[in-house]
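Written out below as structure tokens is the structure these notes cover.
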Amino acid sequence: MTFTSDGSVTNIQSIHDAQAADGDVIIVPTGTWTWSTTLTITKAITLQGQTMWSGGGTSEAGGVHTALVPGAIINFASNVRILSITSNASAHVVLSRLAFVYISGTATEWMLTGGNSPHPIIVHDCYFELTFTGANRCIDWQSSGGLFYNCTVWANPIGTDNTTVNWIRVLQDNVRLWESSPTTGTLDTGGNINLYIEDCTIYNCLSQTLDLDDGARLVVRKCQLFDTGSTAHGADSSKKGGRHIEYYDNTFTHTLGINGGATLDPNNYPQNLSWWYNMRGGTMIITRNAIPDNVSQWWGSKATWTAGDWAVQRGTNQFGCPLSYPSPYQAGWGSDGVTITNCVTSLGTFPITQSLEPIYIWANTVGAAANILSLNDWGTDSCGHGLSSAGFIQQGRDFILGPKPGYTSFTYPHPFRTQSTPPLEVVVSGTWAASALTRNKLALRARVTRF
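Numbering follows my numbering, with no gaps: position 284 of the sequence shown is 277.
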């Protein structure tokens, strides 16, 4: 059944709690709605904009930002999150055709997810405008699995420090331990363990668009990434750090601006892009991407793919400073769920369920550095042992510039995409009796197959 709300959190929450059942749709009407309180979703409903938004951010030479054409636009103006979603055991929770725009507020995140259902949360055809200065991140993804597709993300290149703009932080150690076996490629047999981001377009999120935290398992594919970099935590800044990421079949663009990169143009191009991806813990698979070199006259030459064991200089939250290879949860390592490795640090010897699981990079095109991994360090040796990433992350052992044996990417498009658009329903109210209709308001439903 489909319910049309008045666009307010209060009304949508009331429909969710008192009327909607799993499989129902709640419509957010066309218009602009300001939310300042939390909408909590626990039922397997679809929250959908009445009409599709259009426009949004672009990143051409002139840095043009096209205004949003009216759809269902939700303004974030809150000091608390505006969405809290728990995945449902019976079916997917779906967000669709919604535009989220930051106005004001200091909440740590706009949206928080949780749950460990075989039916992960799905977000598609949504827009996220990240012009915030107070909020730390847009989405804090703490549920198992998940799928984003056909979404657009835009951060304003003017007047904000986009080096820390964070679209999604992924933290999944609470639903599947870092120490469990990998689920890369077809090892994610049901497609419901990794978080998948496909066919999305992202602009101007320089260093932390996707922020892999403890146990994160992420796949980024078939996306258009304009001046957009991401990172994975290690044990230097988190308990464990990211588990693994796959980047494949994406197109990256480095916008030089109307001055050709010689100087900053009025729209702040070229952006100060530190890297396309920086790995500080866990492992990654990178292949078949079209990726230019990260070079401009104004900012100079910077790395494409980077990895570092920052813990050897920065220290860790719980292990102290690593003293010998391997360090806890370091880049180029993962786990088969069985092998225990002793990691020696300044605080003692720690038996950790981890094993060698190298980084693989191959078959990327366009830039001269498309298939090169550069190492980096924290920069200040707070540990004082004279160690660096080069002693812990080595080619041929911890990273390999060649194909991963036996690797096959997961099915594209993701099979859950066919489950995220509810069938079209025609609801006709009536007063006659019918045993198959059990709602308070009897309804006749006509389901139409979508092609």
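All C-beta atoms in this analysis are idealised placements derived from N, C-alpha and C, irrespective of residue type, glycine included.
For residue i, the nearest candidate out of the options (CA to CA)
{"i": "residue 162", "options": "200, 172, 184, 265", "result": "200"}
{"i": "residue 181", "options": "404, 412, 411, 410", "result": "404"}
{"i": "residue 267", "options": "297, 253, 323, 249", "result": "297"}
{"i": "residue 223", "options": "168, 42, 238", "result": "238"}
{"i": "residue 300", "options": "370, 315, 346, 221", "result": "370"}
{"i": "residue 226", "options": "406, 274, 25", "result": "274"}
{"i": "residue 355", "options": "59, 283, 27", "result": "283"}
{"i": "residue 292", "options": "255, 23, 324, 170", "result": "255"}
{"i": "residue 278", "options": "213, 219, 234, 294", "result": "213"}
{"i": "residue 62", "options": "75, 76, 47", "result": "47"}
{"i": "residue 157", "options": "117, 178, 265", "result": "265"}
{"i": "residue 117", "options": "377, 41, 64", "result": "41"}
{"i": "residue 340", "options": "311, 79, 361, 31", "result": "311"}
{"i": "residue 160", "options": "276, 196, 185, 184", "result": "196"}
{"i": "residue 76", "options": "253, 33, 286", "result": "33"}
{"i": "residue 314", "options": "352, 325, 375", "result": "375"}
{"i": "residue 3", "options": "411, 379, 27, 270", "result": "27"}
{"i": "residue 22", "options": "150, 60, 170, 65", "result": "65"}
{"i": "residue 322", "options": "287, 386, 364", "result": "386"}
{"i": "residue 361", "options": "294, 111, 205, 104", "result": "294"}
{"i": "residue 270", "options": "228, 259, 366", "result": "366"}
{"i": "residue 396", "options": "230, 190, 352", "result": "352"}
{"i": "residue 93", "options": "74, 120, 358, 99", "result": "120"}
{"i": "residue 363", "options": "287, 45, 6", "result": "287"}
{"i": "residue 60", "options": "1, 122, 6, 101", "result": "122"}
{"i": "residue 174", "options": "276, 406, 402", "result": "276"}
One or two residues paired with residue i in a DSSP bridge
{"i": "residue 295", "result": "287"}
{"i": "residue 237", "result": "210, 276"}
{"i": "residue 68", "result": "27, 94"}
{"i": "residue 336", "result": "343"}
{"i": "residue 327", "result": "348"}
{"i": "residue 133", "result": "105, 162"}
{"i": "residue 34", "result": "78"}
{"i": "residue 204", "result": "162, 224"}
{"i": "residue 312", "result": "Beta-bridge pairing links residue 312 to no other residue."}
{"i": "residue 141", "result": "116, 190"}
{"i": "residue 8", "result": "Paired residues: none, contrary to the question."}
Neighbourhood of residue i by C-beta, 8 Å cutoff - its chain only, sequence neighbours within 5 removed
{"i": "residue 165", "result": "134, 135, 136, 137, 188, 207, 208, 209, 210, 236"}
{"i": "residue 193", "result": "141, 142, 143, 144, 145, 146, 216, 217"}
{"i": "residue 96", "result": "27, 68, 69, 70"}
Cβ neighbour criterion (16 or more within 10 Å) applied to residue i
{"i": "residue 290", "result": "exposed"}
{"i": "residue 373", "result": "exposed"}
{"i": "residue 130", "result": "buried"}
{"i": "residue 382", "result": "buried"}
{"i": "residue 82", "result": "exposed"}
{"i": "residue 388", "result": "exposed"}
{"i": "residue 304", "result": "buried"}
{"i": "residue 308", "result": "buried"}
{"i": "residue 90", "result": "buried"}
{"i": "residue 390", "result": "exposed"}
{"i": "residue 399", "result": "exposed"}
{"i": "residue 150", "result": "buried"}
{"i": "residue 394", "result": "exposed"}
{"i": "residue 378", "result": "exposed"}
{"i": "residue 221", "result": "buried"}
{"i": "residue 325", "result": "buried"}
Presumed contact (8 Å Cβ cut-off) between residue i and residue j, rounded CB distance
{"i": "residue 348", "j": "residue 332", "result": "4 Å"}
{"i": "residue 17", "j": "residue -4", "result": "7 Å"}
{"i": "residue 148", "j": "residue 124", "result": "7 Å"}
{"i": "residue 84", "j": "residue 14", "result": "Actually they do not touch by this definition, with Cβ atoms about 10 Å apart."}
{"i": "residue 114", "j": "residue 86", "result": "5 Å"}
{"i": "residue 219", "j": "residue 202", "result": "That belief does not hold up - the Cβ atoms of residue 219 and residue 202 are roughly 11 Å apart, past 8 Å."}
{"i": "residue 73", "j": "residue 35", "result": "18 Å between Cβ atoms; not a contact."}
{"i": "residue 20", "j": "residue 43", "result": "5 Å"}
{"i": "residue 178", "j": "residue 401", "result": "5 Å"}
{"i": "residue 318", "j": "residue 384", "result": "7 Å"}
Cut-off 6 Å between Cβ atoms - residues of its own chain near residue i, not counting five sequence neighbours on either side
{"i": "residue 29", "result": "70, 71"}
{"i": "residue 335", "result": "342, 344"}
{"i": "residue 172", "result": "328, 346"}
{"i": "residue 168", "result": "109, 137"}
{"i": "residue -1", "result": "none"}
{"i": "residue 281", "result": "241, 242, 356"}
{"i": "residue 107", "result": "79, 135, 136"}
{"i": "residue 380", "result": "305"}
{"i": "residue 359", "result": "283, 284, 285"}
{"i": "residue 111", "result": "185"}
{"i": "residue 105", "result": "74, 77, 133"}
Close-in-space but distant-in-sequence residues of the same chain around residue i (CB under 7 Å, 5 per side omitted)
{"i": "residue 249", "result": "262, 263, 289"}
{"i": "residue 12", "result": "-4"}
{"i": "residue 408", "result": "184"}
{"i": "residue 103", "result": "69, 74, 75, 76, 93, 128, 131, 132"}
{"i": "residue 447", "result": "Lying outside -6 to 444, the shown extent of the chain, residue 447 is not represented and no answer is given."}
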